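Under our numbering, the first residue of the sequence shown is numbered 543, with each subsequent residue one higher.
Cβ atoms here follow ideal geometry from the backbone N, Cα and C, with glycine treated the same way.
Since the structure is predicted, the reported quantities are computational estimates derived from the model, not experimental observations.
Scroll down for the structure; my scribbles are underneath it.
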Amino acid sequence: GLIFGWNTGNFGDLKDQYESIEVPAAPGVSYEETTWEPQFEDIYNGACVKADLDEAHKTAALKVIDKWITPDMSMESYYGDLDTYISNEGDGKYNVLKFQDDLSTFGLADRGLTWVSDDMSVSGDEDKVLAEKDGKTYETQQSHIGDKDLIPAYVRLSAEDNTTVSNNNSNIFNYAMPLISTWIQDGGLTDDAWNEYVSTMKQQGVDENVKLWQKWYDKTMAQE
């Protein structure tokens, strides 16, 4: 069997029976053109905060943010309750006490607001160890990504275009996810079924989304 996951730790006790593999090249695509997701700031896309710092709420908002990114709160946000799932060993050192069976944390992981300074360290994080080990599998394919092949995390759509993309995405995912799940579980992915899928995705706005993101990427890059 196989899974699309973060690392072999997702198999729990069976993790030693599995290996991470490179992404197979699609028909007609050379190995040199085949890529995988890059290692860059957007992999931590949950670890950010935005606050409307008007004078009436500025002090309170900054106080909440400041508290959330303190060392103990950051570790609790990522791993779970202090002294239950992670312990503070002193001098900026933390130790993970317990993971879930699939090595996911009891906290918010990278979907929470977390700040780990250079003088902090975490031991016992088997998920991190496996992620670094399995991550080496993709290094060559990641090197195929050029500087202009990525949309930086700071590129933002206008409010109007963001609404359009969000509405399109609702239709796209409501259609695509159940169908892909059916293909994986029950089969049925024929050439005709695929062609119908591509046609429907276009009708649901996938090309419009690409066009809008391209527009705001170009505008942002022109300002640099």
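Query	Result
Endpoints, alpha helix (DSSP H) assigned at Gly677	Glu668 to Gly677
Spatial distance of Leu650 from Gln642 (CA atoms)	13 Å
Residue range of the alpha helix (DSSP H) that includes Lys753	Val748 to Ala764
Asp734 to Thr724 span [Cα, whole Å]	15 Å
Between the CA atoms of Leu692 and Ile667 - distance to the nearest angstrom	The sequence given here has Asp at residue 667, not Ile. Near 30 Å, if we compare the C-alpha coordinates of Leu692 and Asp667.
Beta-carbon spacing of Leu754, Val707 below 7 Å	yes
Own chain residues within Cβ distance below 8 Å of Leu699, not counting five before or after	Val707, Leu754, Trp755 and Trp758
Coil, strand or helix - Tyr636 by DSSP	strand
Through-space distance from Glu564 to Tyr636, alpha-carbon basis	33 Å
Residues near Ile585 by beta carbon distance below 6 Å, same chain, minus five either side	Residue placement at Ile585 cannot be trusted, given a pLDDT of 49 that sits under 50; the coordinates are not used to answer.
Under 7 Å between C-beta atoms of Asn549 and Ala673	yes
N-terminal and C-terminal residue of the alpha helix (DSSP H) that Val606 is part of	Lys600 to Trp610
Residues near Gly632 by beta carbon distance below 8 Å, same chain, minus five either side	none
Three-way DSSP call (helix, strand, coil) for Asn704 in this model	helix
Closest residue to Asp652 among Thr679, Ser659, Ser616 and Gly634 (Cα-Cα distance)	Ser616
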